[in-house]
Amino acid sequence: MKAITKMQAIIIAVIVIVAVVAGVIYLFFLAPPKVLPPKDKVVIGVAHTLTGPAAAACRLHHAYYYMIIEDYNAKGGLYVPEYGKRLPIELKEYDDKNSIDTMLTLVEKLIIEDKVDLLFAPWGTAFNFAVFPLTERYRYPLVALTFGSEIAAEKMRRGEFKYAFSVLGLPSETGKEIADLFEYIDKRMTPIKRVGIIYHSDQHGVEYSGAIFSHLVMRGIEVPVHQSYPPDIADFTPLISTLRAANVDVVILCGYMEGALFVHQCKAQNFNPKLIFIGPTMEVPGLVFGPFGFTPKDLIGVCYYDGWPATAYKDPKLKAWAEDHKRRIGDYPFPASATFYAGLECLFKAVEKHGLDRDKIRDALVTETFDTIVGKFKFRQGYSAQCELAGTITQWQGGTMMEVIWPPEAASASIICPKPAWPS
């Protein structure tokens, strides 16, 4: 076969280049624009716990789903750039009845049958951990509010959960914050040498108690009690006796609403360590001063290990937000309320900038910093979110909202330690 000449090669190359350039020109300038399907609303789906023992906590922790939709719909909806206009937001929600299997079935229904544009996360660490593989498979970015798992965080860091975003501090981060706080108190206020940890025998309890235990032991703090209790516990008296006999300075309960029973029984049995730490639900004013039956004086000195980045709503903008929260929801916010709202703001702001392409939304949540109710906000996959106006550990000090006591540079009030005697 006769070889082509140099001139023929040049001619062929020129023809190829011209064809490529013509194709690019057609694609970007002459091709008819892609026709978008008609769209009159943005549909967000959620399967969360609306009935059962966790329903009250879910409704209060997830009040921000309804609040942010109401706020955006009040100004015409969510701006969707590919449509060049705001579209009203519709929430399609199902009750998972406090069942992980039911939740997974309903989330898949929202994706496949209902074809929702976006998803909100379910309630609780175990539920979020279970749903992440599903939202990963279908490529739905998920901002998890009530979630903290070191196992899942490691998967986020390794890129296995690329579409999952956590708002709150994770177990290892929480363990470090508590250990730092105890060292500070031990050196400057009162000795903290022995800590008792009791925990709900689920994923949250196991992971948080384990991380806190490890960080305390590494600092040389003794943990003579590290014991689980069943989810349906009805009497903490035996555990209180164990803690009292161990002569602990501080008690940490890694659990949920059963923490209210524990605090009531500590008061009734006059067990009063220097500090008591409790978990999710015991930070919510609408629960503690409502169905849990406490007065502000009952809780002075009781601390909250979870639920940060946290704020005490002293900043003028946040103070106004807290008053609006009370007007609309009926109670003042808990420490992470504004952070929850801010996490959802980031999701909506990503849509308003990049549209409903879920891969682009995910990329924006990974790389961008957003202006929110708590100032500059940035997700860090596998770690807590970074916020301008927030601290970590909080404490009840006799008011209607918790105070931020740690770290010192973010504190809204000085630490109360030891906690006062129980009121009569």
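Our numbering puts the sequence shown at residues 858 to 1281. Quick reminder that beta carbons are idealized off the backbone N, C-alpha and C, glycines included. If you're wondering where the values come from, they're calculated on a predicted model, not measured in any experiment.
| Item | Value |
| --- | --- |
| Coil, strand or helix - Glu965 by DSSP | helix |
| Cα-Cα separation between Thr1152 and Ala914, rounded to whole angstroms | 19 Å |
| Own chain partners of Met858 with C-beta closer than 8 Å, once the 5 adjacent residues on each side are dropped | Note on Met858: pLDDT 46, under 50, position unreliable in the model; no value is reported. |
| C-alpha gap between Ile1262 and Thr1251, whole angstroms | 5 Å |
| Local Cβ density within 10 Å of Asn1104, reported as buried at 16 or more and exposed below that | exposed |
| Cβ-Cβ distance between Leu1073 and Phe1093 below 9 Å | no |
| Chain-order list of residues whose beta-carbon lies under 7 Å from that of Gly1112 (same chain, five-residue window excluded) | Tyr1056, His1057, Gly1062 and Gly1136 |
| Counted within 10 angstroms of its Cβ, other Cβ atoms place Pro1190 as buried (16 or more) or exposed | buried |
| Extent of the continuous alpha helix (DSSP H) run through Arg943 | That residue, Arg943, is in no alpha helix (DSSP H); its beta strand (DSSP E) goes Lys942 to Leu944. |
| Residues near Tyr995 in its chain [Cβ-Cβ closer than 7 Å; skip 5 each side] | Ile968 |
| Three-state secondary structure assigned by DSSP to Glu1225 | coil |
| Where Lys1171 falls: helix, strand or coil (DSSP) | coil |
| Trp1253 to Thr1031 span [Cα, whole Å] | 18 Å |
| Inter-residue Cα distance where the pair is Tyr1086 and Phe1227 | 41 Å |
| Ile868 classed as buried or exposed, judged by whether at least 16 other C-beta atoms fall within 10 angstroms | exposed |
| Expected contact under 8 Å - CB spacing of Asp1106 and Lys1124 to nearest Å | Not really, about 18 Å apart at Cβ, beyond 8 Å. |
| Status (buried if at least 16 other CB within 10 Å, exposed otherwise) for Lys942 | exposed |
| Nearest-angstrom beta carbon gap, Glu1225 and Lys1233 [assumed within contact, 8 Å] | About 11 Å separates the two Cβ atoms, so there is no contact after all. |
| CB contact flag (Leu1156, Val1108, <9 Å) | no |
| Residue burial classification, Thr906 (beta-carbon count within 10 angstroms, cutoff 16) | buried |
| Distance between beta carbons of Lys949 and Asn1129, contact taken as under 8 Å | Asn1129 to Lys949, Cβ: 48 Å. No contact. |
| Exposure label - Asn1127; buried when at least 16 CB within 10 Å | exposed |
| Sheet register partners of Gln1252 (DSSP bridge) | Cys1160 and Glu1260 |
| Proximity below 9 Å, CB of Ser1023 to CB of Tyr1162 | no |
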